[in-house]
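Under my numbering, the residues of the sequence shown are numbered 1056 to 1492, in order.
Presented below is the structure to which this report refers.
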Amino acid sequence: MAIQKSINSSIILSIAIVLGSCNALQTFTSMNPSPREKYVNALTKTGLLSSSLAQTWMNAGDVALHDSIIVTLPFRETGYFASSEPSARFYRFDVKDGQVLTLTSAIKAKEKSKLFIDVFLLKENKWETVAYSDSLSLTYELPKSGSCIVRLQPELLVNIYYSITLSVTPVLMNPVKGASNKSIGSFYGDPRDGGKRKHEGIDIFAPKGTFVIAPTDGVVTRVSSSVLGGKTVWMNDTKRGHSYYFAHLDSQIAIAGRKVKQGDVLGTVGNTGNAITTPSHLHFGVFQNKSINPIAYIRTMEKLVNELAPDTSFQSIVFRTKQKITSIHSGPSTKLAVRESLSKDYYVRVIGQSGDWYRVSTANNREGFIEKSKVITAEKGNKFVIRNPASLLTEADSQAVPIGTVTGTAEGLASYKQFRYIKTSDGLNGWIDITLL
């Protein structure tokens, strides 16, 4: 384990500030300070925000907004935050209008230790806070498609084991009772009438007579018939301002002007209108001034089975690469971009894990994912002799604080550029500059 920086005990006492919990979901539009912002304000009032430790913590919370890990939902990770190394975890992913982001987490830490959760959406090339919490869960209905970042960051000077699960669910219930993703047989934008027009909805296939149900609460605005749609029902989503269109019904049960609850029966599946020659199905459309692709509104996503508890056997451990060239990816998949190619015996510190991948941080604090099979723990290494006194450093940086001076036998555990991470005969760990030996 690398030498840990000493921390003034008076600072530890001073920042033990009791902040009010914000367990309910808050959004940016409420203009209330987030739990993390309240914590920063408390640090400012005590004069501690200017300390080097607090500044490192602040920078860790900001840096990955410009250089974040990319994940695909659903996603799950376990990891560890060390009190001696202020840090944050970021997860970037794409989202779609019509989805609800769900975050669940679990921690193992001292009582009242806080883990701040913030959600950002990319708006006009700027990351804007849209939701936050300091409880262990959060849900947020996404207002538009785009890029999203979730930040996880504990308060200062706490050791926390964590697990986090990120997933999305559709905002609406499938409007055909008992239907699934496999029931959707025709999609938004598909050509119609020989390419003269495009499909402004999706077709959900089911046996004739299957119930068509309200996908959410709302008001039935019209029950009518047309040449194209056959027997149709329109309803208004009073919460979101959307209109939903149900066409080719075999029967209409809904009554115009009536309020409906999610799951109430509106009619039954059929093939009326211009669908008379096709198998029975529901044409479902979403409109708000213009048609919207409904797929994200009802398509369910893969679920991760079983909750994953924090792994308390896991610590921030030093590993080294095994192969001649090892790739660090921007996320836990070989399909994602390679952030860096590392040579053999390269130093990486494992800070999290997801499936068959480790989340790692390099000696220059660049994060990424490496396949577990490509690294080994840097517990033992090749012995060599340091003949002339050399400075043992806390970091792989010539300007780093020296721990002391070393000579004699040492073990080379890992490397970074001209620096070697070693263990001395006295059991101390640190860095030496091999160009100065």
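The beta-carbon is built from N, C-alpha and C at its ideal position, and this holds for glycine as well.
As a beta-bridge residue in DSSP terms, F1145 pairs with R1206. DSSP assignment within the stretch 1107-1143 yields the following whole alpha helix (DSSP H) runs of 4 residues or more, N-terminal first: 1107-1118. For T1332, there is no enclosing alpha helix (DSSP H), as DSSP marks it with neither H nor E.
Note that the C-beta distance between N1437 and G1467 is below 8 Å.
Between the stretch 1257-1265 and the stretch 1223-1234, the count of Cβ pairs shorter than 8 Å is three or higher; the stretches touch.
In this structure, I1350 sits away from P1270, with a CB-CB distance that is not shorter than 8 Å.
Boundaries of the beta strand (DSSP E) around L1468: 1457-1471. Annotation for D1248: no residue places its beta carbon closer than 8 Å to its own, counting only its chain and skipping 5 residues before and after. Restricting attention to alpha helix (DSSP H) runs no shorter than 4 residues, the stretch 1353-1436 encloses none. Counted as a single uninterrupted DSSP element, the alpha helix (DSSP H) harbouring A1097 occupies residues 1090-1100.
Considering only F1439, T1460, V1223, the residue with the shortest C-alpha distance to L1447 is T1460. When secondary structure is reduced to three states using DSSP, K1169 falls in the coil class, being assigned neither helix nor strand. At least 8 Å separates the beta-carbon of Y1094 from that of S1160.
For D1292, the pairing in a beta bridge is given by DSSP as H1297.
In terms of Cβ geometry, Q1317 and D1245 do not form a close pair [threshold 8 Å]. Under DSSP, V1150 shares a beta bridge with G1201. When secondary structure is reduced to three states using DSSP, D1248 falls in the helix class. With the rule of 3 Cβ pairs closer than 8 Å, the stretch 1208-1225 counts as touching the stretch 1111-1131. In the structure shown, the three-state DSSP call for A1161 is strand. The Cβ atoms of A1309 and G1284 lie no closer than 8 Å to each other.
Burial check for R1375: the Cβ neighbour count within 10 Å reaches 16 or more, so the residue is buried.
For E1357, the number of other beta carbons within 10 angstroms of its own is below 16, and it is reported as exposed. With respect to the 8 Å criterion, G1423 and I1441 are not classified as neighbours on the basis of their beta carbons. For I1257, the uninterrupted beta strand (DSSP E) segment begins and ends at 1257-1260.
Taken through DSSP and simplified to helix, strand or coil, N1229 comes out as coil. Assigned with DSSP and collapsed to three states, N1484 falls in strand. Taking a contact as a CB-CB distance under 8 Å, the pair A1137 and G1116 does not count as one, their CB atoms being some 16 Å apart. Taking the C-beta atoms as reference points, F1148 is found no nearer than 8 Å to R1091. Ranked by Cα distance from T1479, the first of G1407, K1435, V1456 is K1435. For the 8 Å CB-CB criterion, F1175 and E1166 do not form a contact.
In the structure shown, S1190 adopts coil according to DSSP, grouped into three states.
Nearest C-alpha to N1214 among W1486, I1162, K1399: I1162. Judged by DSSP secondary structure, T1276 falls within the beta strand (DSSP E) whose first and last residues are 1273-1281. Rounded to whole angstroms, the separation of the alpha carbons of T1099 and S1107 is 13 Å. Within the same chain, S1280, L1304, Q1307, T1327 come within 6 Å of K1286 by CB-CB distance, once the 5 residues on both sides are set aside.
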